[in-house]
Amino acid sequence: MLKLAPSILAADFKILGQQVAEVSEAGAQYIHLDVMDGAFVPSISFGMPVIGSLRSCTDRIFDVHMMVEEPGRYINDFKEAGADLICVHAEACTHLDRTINQIKEAGLKAGVALNPATSLSVLDFILPEVDMVLIMTVNPGFGGQKFIPYTLDKVKDLRRICRERNLETDIQVDGGVTCENVRELIEAGANVFVAGSAVFKGNAADNTKAFLKIFEEYEG
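For the sequence shown, my numbering begins at 1 and goes up steadily by one.
Given below as structure tokens:
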């Protein structure tokens, strides 16, 4: 199933709850929550209090993308704040297996994110244990960046690997995703699409529906 995950990093924080409700009502399946610590990435975004305050605005899946060093320290805190899925960066975990197990033991779905230049080989042993892999299509830490073309091949390679191993792993893409390039990403094998500026710049509900209309072309 194709799923849209609007990233609130691009939303208007003066009316954040309202905008989350708008994209949810328009049909977005996930709400993407970018947590940045100022160490793993240069920027600092928000944490548990913001996520907790938004939980009452929507029943959509809260997809927490942790751009945080040693994220295992905070798994239970994010669960309590309302996370449904936690995605951690392979590059940020000393013991990735342990962190994935922490997420699953908390009763949440687990994802692994890879920076653009990180090889898929880091997934060789952990892939069967995760629900989702996030392929970063820009370098993490800032919104509004341009899509990196070679990441399209990375998505294709990952989908091929999943098929060869009989895995139905979700493949999420994050960075520079628009209505203009999302068809390429669907055809490459991605099925969960993070969109920030492409959703929240302008009318968020209309932009959400524009993505979903494209998804309908592929899902009949």
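Just so you know, even glycine gets a beta-carbon here, dropped at the ideal spot from N, CA and C.
Asked	Found
Give the DSSP-derived three-state secondary structure of Val221 in the structure shown.	The structure shown has nothing for residue 221, since the chain only spans 1 to 220.
Would you check if the distance between the CB atom of Ala81 and the CB atom of Gly38 is smaller than 8 Å?	no
For a quick check, are the C-beta atoms of Val64 and Val23 less than 8 Å apart?	no
Is the region 131-138 in contact with the region 160-171, if contact means three or more CB pairs nearer than 8 Å?	yes
In angstroms, rounded to a whole number, what distance separates the CA positions of Ala5 and Ala110?	16 Å
Could you please give me the residues that DSSP links to Pro6 through a beta bridge?	Ala195
Taking the DSSP output, what are the residues bridged to His95?	DSSP, once it has assigned bridges, lists no residue as partnering His95.
Would you tell me roughly how many angstroms separate the C-alpha atoms of Ala226 and Gly196, rounded to the nearest one?	Residue coverage of the chain in this structure runs from 1 to 220, which leaves residue 226 outside it and unanswerable.
Secondary structure at Cys57, three-state DSSP: helix, strand or coil?	helix
Pick out whichever of Lys14, Phe40, Met67, Val41 has its Cα sitting closest to the Cα of His32.	Met67
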